[in-house]
Amino acid sequence: MARNSYAETKIPTGKTSPVYMDAQQIVNGFLGHNAEVEFGTVTGTGALITIATSFDPAMIMVINQTDSSIHFLTPSMPAGSMMSIKAAAAYVGTNGLSLLDGGFTIGTNADLNAVADVLHWTALAAPDRDGSL
Numbered sequence: 046m047a048r049n050s051y052a053e054t055k056i057p058t059g060k061t062s063p064v065y066m067d068a069q070q071i072v073n074g075f076l077g078h079n080a081e082v083e084f085g086t087v088t089g090t091g092a093l094i095t096i097a098t099s100f101d102p103a104m105i106m107v108i109n110q111t112d113s114s115i116h117f118l119t120p121s122m123p124a125g126s127m128m129s130i131k132a133a134a135a136y137v138g139t140n141g142l143s144l145l146d147g148g149f150t151i152g153t154n155a156d157l158n159a160v161a162d163v164l165h166w167t168a169l170a171a172p173d174r175d176g177s178l
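For the sequence shown, my numbering begins at 46 and goes up steadily by one.
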């Protein structure tokens, strides 16, 4: 499994002088604070896959490159559900994504995790109310 906690790809910001941002700077700007983010790639198995992170994720995103679908999970979604977007968005109530202390699982839902699917994942941590991670 490929894993990165800091992006190597540089993205132009559109400013007149060549200024680049890495993925951590983009996430920090999007969330408005220093955020923890980890991402990687794993090959689908059709069976439950557990991904360990160095923090308790607050949001998970998995992009299935093979199946052209994207899957999200946040604690505010209905219990046991994730949002899947393929042709149209729909909640998936079983065998989807699950948050764990220190990681998450990628379930056995066929649109999410089939044998040999290429899955790109991102996990984000949320700060405590005092702003610490």
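Beta carbons: idealized from backbone N, C-alpha and C, even for Gly.
This structure is a prediction, so every number in the text was calculated from the model and none was measured.
In whole angstroms, give me the CA-to-CA distance for residue i and residue j.
i, j, result
"Ala168", "Ala159", "20 Å"
"Ile130", "Gln110", "13 Å"
"Leu93", "Thr150", "7 Å"
"Gly147", "Tyr136", "24 Å"
"Val82", "His165", "13 Å"
"Ala170", "Ala103", "5 Å"
"Thr98", "Phe84", "9 Å"
Going by C-alpha to C-alpha distance, which of the options sits closest to residue i?
i, options, result
"Ile105", "Asp162, Gly89, Ile96 and Gly91", "Ile96"
"Val107", "Gly147, Ala124, Ala133 and Thr88", "Thr88"
"Leu142", "Glu81, Asn154 and Ala132", "Asn154"
"Ala161", "Gly125, Asp112 and Gly85", "Asp112"
"Leu157", "Ala124, Met122, Leu118 and Ala171", "Leu118"
"Leu145", "Ala132, Ala134, Leu164 and Gly125", "Gly125"
"Ala134", "Pro120, Gly152 and Ile115", "Ile115"
"Asp101", "Val163, Gly85 and Pro120", "Pro120"
Would DSSP call residue i helix, strand or coil?
i, result
"Asn140", "coil"
"Phe84", "strand"
"Ser126", "coil"
"Thr98", "coil"
"Ala159", "coil"
"Ala134", "strand"
Terminal residues of the continuous beta strand (DSSP E) containing residue i?
i, result
"Gly148", "Gly148 to Ile151"
"Val107", "Met104 to Asn109"
"Phe117", "Ser114 to Leu118"
"Thr167", "Val163 to Leu169"
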